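Here the structure is laid out as structure tokens; the discussion comes afterwards.
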Amino acid sequence: MDKAAFYAPLVRGAIIARLGRPCVVVRAQEALDGTVVTLSGAEDEKDAAALITRAVAGAEKVPCRVTLNVGGETIPFMAGEDFSAVALLEGGGSVDFPSTVGVENIVNVRARTMRNRVCLVTGGAQGFGEEIVRGLCEGGAIVFIADLNLAGAQALAEKLNGEHGGKTVAFAVEVNVGDEASVAAMFEKVALTTGGLDLCVSNAGVLRAQPILEQDIGAFAFVTGINYTGFAIITKHAGLLMRRQFLAADAAASADAAASPWPTDIIQINSKSGLEGSNKNGAYAGSKFGGIGLVQSFAKELVDYGIKVNAVCPGNFFDGPLWSDPEKGLFAQYLRTGKVPGAKTVADVKAFYEAKVPMGRGCCGPDVLRAIYYLVEQVYETGQALPVTGGQVMLS
Ligand SMILES: NC(=O)c1ccc[n+]([C@@H]2O[C@H](COP(=O)([O-])OP(=O)(O)OC[C@H]3O[C@@H](n4cnc5c(N)ncnc54)[C@H](O)[C@@H]3O)[C@@H](O)[C@H]2O)c1
Numbered sequence: 143m144d145k146a147a148f149y150a151p152l153v154r155g156a157i158i159a160r161l162g163r164p165c166v167v168v169r170a171q172e173a174l175d176g177t178v179v180t181l182s183g184a185e186d187e188k189d190a191a192a193l194i195t196r197a198v199a200g201a202e203k204v205p206c207r208v209t210l211n212v213g214g215e216t217i218p219f220m221a222g223e224d225f226s227a228v229a230l231l232e233g234g235g236s237v238d239f240p241s242t243v244g245v246e247n248i249v250n251v252r253a254r255t256m257r258n259r260v261c262l263v264t265g266g267a268q269g270f271g272e273e274i275v276r277g278l279c280e281g282g283a284i285v286f287i288a289d290l291n292l293a294g295a296q297a298l299a300e301k302l303n304g305e306h307g308g309k310t311v312a313f314a315v316e317v318n319v320g321d322e323a324s325v326a327a328m329f330e331k332v333a334l335t336t337g338g339l340d341l342c343v344s345n346a347g348v349l350r351a352q353p354i355l356e357q358d359i360g361a362f363a364f365v366t367g368i369n370y371t372g373f374a375i376i377t378k379h380a381g382l383l384m385r386r387q388f389l390a391a392d393a394a395a396s397a398d399a400a401a402s403p404w405p406t407d408i409i410q411i412n413s414k415s416g417l418e419g420s421n422k423n424g425a426y427a428g429s430k431f432g433g434i435g436l437v438q439s440f441a442k443e444l445v446d447y448g449i450k451v452n453a454v455c456p457g458n459f460f461d462g463p464l465w466s467d468p469e470k471g472l473f474a475q476y477l478r479t480g481k482v483p484g485a486k487t488v489a490d491v492k493a494f495y496e497a498k499v500p501m502g503r504g505c506c507g508p509d510v511l512r513a514i515y516y517l518v519e520q521v522y523e524t525g526q527a528l529p530v531t532g533g534q535v536m537l538s
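Mapping of the sequence shown onto the working numbering: position 55 corresponds to residue 197, and the numbering continues sequentially without gaps.
What follows is the structure in structure tokens.
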């Protein structure tokens, strides 16, 4: 792994522990004045975290410039509230972190929940992923749009950066969540771009609905590989990065009661089909049920590193491309195959499915976003699967 990608989350964790809120950490081109930490390079990540944390905690102000000397190699980092602060540093200017906000009421807390939080959304180029990306950016987050469809992710990032007046709020990054090397390379890019990560939304998912008596097992394995194994791969590599960030923040918190360990989140976009079987759609439902088993198990393991792992289980997103695409969408397919008795139009098929939901409509982006906000804001829950189904599926 690139050395800067390894050390950046440790620097970010140490700074976050002093700030109590997120920031970006970027590698500088040349050596900088400021806080200097000397490491042999032979330390394990916990010892390196302790050394970096001690130096950052000892600085008079929260340092914006931190240079690591690792076994004779110099790795300088610049840290700022956001990329505009870092750009001022880059130009030779000096910037402080604004002072920490005091105790706030819950309404104000919500307004800043996502501000400067570094997030990554897999499958972020379209559908629920796009809705989540948009909502996070609107909340003030910096978001990596991670997708197999790089062109789609790039177009969305460009659009969002334009809508935010040219401020960098979104990055496109190519990934195949079913391929470990691709996922590892993506998180290395994240560490080199922002220094770390606060929220990882594992949203990419696929569906091949077929009766098991007719299904090609290759198609079954494809669904499992993306929805189930892909989530495990994402959690492994997001977890490795978040653990480094946590170790530095935790070292600071053990040394100084005023510093806070920084909880991070991995959220799987699961499905109502992860809570209740789905007729002639076993590959999908099985992969989603399994996802909840992984969420519960990973939550127990990663709690030691301040990482919460939860799932959101949305109902059907009738207005998204999966259902509403005029050619390939499920409404058009079900009309063609006569799945809904008596339906003459796509609207008839849609009305049939809406009538199954007690709240009379499909799930949409803001419904899922509210669940994500809740899971990030609360700091006393992990390993849960939160239904967002309009009452269609209830927990028992
Ligand atoms: N659409 C629904 O009604 C619905 C309901 C409940 C849950 N969900 C879940 O929400 C998530 C998103 O579903 P959607 O319907 O918005 O999907 P979608 O098909 O509209 O979009 C999926 C995105 O994921 C990307 N993707 C696919 N395979 C990938 C891979 N291997 N690596 C990286 N990116 C990949 C695609 O390029 C696409 O941009 C899925 O996990 C799905 O199971 C969807």
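Using N, Cα and C, we set each Cβ at its ideal position, and we do this for glycine too.
If you're wondering where the values come from, they're calculated on a predicted model, not measured in any experiment.
Which of helix, strand or coil DSSP assigns to residue i
| i | result |
| --- | --- |
| Gln-410 | strand |
| Asn-369 | helix |
| Leu-292 | helix |
| Thr-479 | helix |
| Ser-241 | coil |
| Lys-194 | Correcting the residue type first, residue 194 is Ile in the shown sequence and not Lys. In this structure, Ile-194 counts as helix in the three-state DSSP scheme. |
| Asn-345 | coil |
| Arg-169 | strand |
| Pro-529 | strand |
| Ile-158 | helix |
| Val-319 | coil |
| Thr-336 | helix |
| Ile-354 | coil |
| Ser-377 | Reading off the sequence, residue 377 comes out as Thr, not Ser. Thr-377 falls in the helix class under three-state DSSP. |
| Val-251 | helix |
| Ala-485 | coil |
| Ala-497 | coil |
| Val-535 | coil |
| Val-153 | helix |
| Val-311 | coil |
| Val-518 | helix |
Cβ separation of residue i and residue j, assumed to be a contact under 8 angstroms, to the nearest whole Å
| i | j | result |
| --- | --- | --- |
| Gly-507 | Gly-457 | The pair is not a contact, with the Cβ atoms about 13 angstroms apart (cut-off 8 angstroms). |
| Lys-486 | Phe-460 | With a Cβ gap of about 18 angstroms, Lys-486 and Phe-460 do not count as contacting. |
| Ile-571 | Ala-380 | With the chain covering only 143 through 538, there is no way to say anything about residue 571. |
| Leu-389 | Gly-155 | 7 angstroms |
| Tyr-370 | Gly-432 | 5 angstroms |
| Ile-411 | Ser-344 | 7 angstroms |
| Gln-296 | Ala-283 | Contact flag wrong, Cβ pair sits at about 18 angstroms. |
| Ala-150 | Phe-225 | In fact, because the Cβ distance is near 15 angstroms, the residues do not count as touching under 8 angstroms. |
| Arg-221 | Ala-401 | Before going further, note that residue 221 is Ala rather than Arg in the sequence given. Rounded, the Cβ-Cβ distance is 16 angstroms, inconsistent with contact. |
| Val-178 | Val-167 | Actually they do not touch by this definition, with Cβ atoms about 16 angstroms apart. |
| Phe-362 | Ala-425 | 4 angstroms |
CA-to-CA distance, residue j to residue i, given in whole angstroms
| i | j | result |
| --- | --- | --- |
| Met-384 | Asp-490 | 47 angstroms |
| Ile-376 | Gly-480 | 38 angstroms |
| Ala-190 | Val-208 | 14 angstroms |
| Val-260 | Leu-341 | 6 angstroms |
| Arg-163 | Gly-266 | 25 angstroms |
| Arg-252 | Arg-512 | 11 angstroms |
| Gln-438 | Glu-330 | 26 angstroms |
| Ile-274 | Val-510 | 8 angstroms |
| Val-319 | Gly-367 | 9 angstroms |
| Leu-302 | Ala-312 | 7 angstroms |
| Ala-333 | Gln-475 | 42 angstroms |
| Gly-419 | Ser-413 | 11 angstroms |
| Val-535 | Ser-466 | 22 angstroms |
| Phe-494 | Pro-405 | 42 angstroms |
| Val-285 | Cys-279 | 7 angstroms |
| Cys-206 | Ala-393 | 19 angstroms |
| Asp-238 | Val-530 | 41 angstroms |
| Thr-255 | Pro-468 | 37 angstroms |
If we require 3 or more residues per run, which beta strand (DSSP E) segments fall completely within the stretch 257-283? Taking only runs of at least 3 residues, the beta strand (DSSP E) segments lying wholly in the stretch 257-283 are 260-264.
Give, in chain order, every unbroken run of the alpha helix (DSSP H) that is at least 4 residues long and sits entirely within the stretch 400-464. You should have 424-444.
Complete runs of the alpha helix (DSSP H) confined to the stretch 180-227 [at least 4 residues]: DSSP runs (the alpha helix (DSSP H)) wholly in the stretch 180-227: 187-200.
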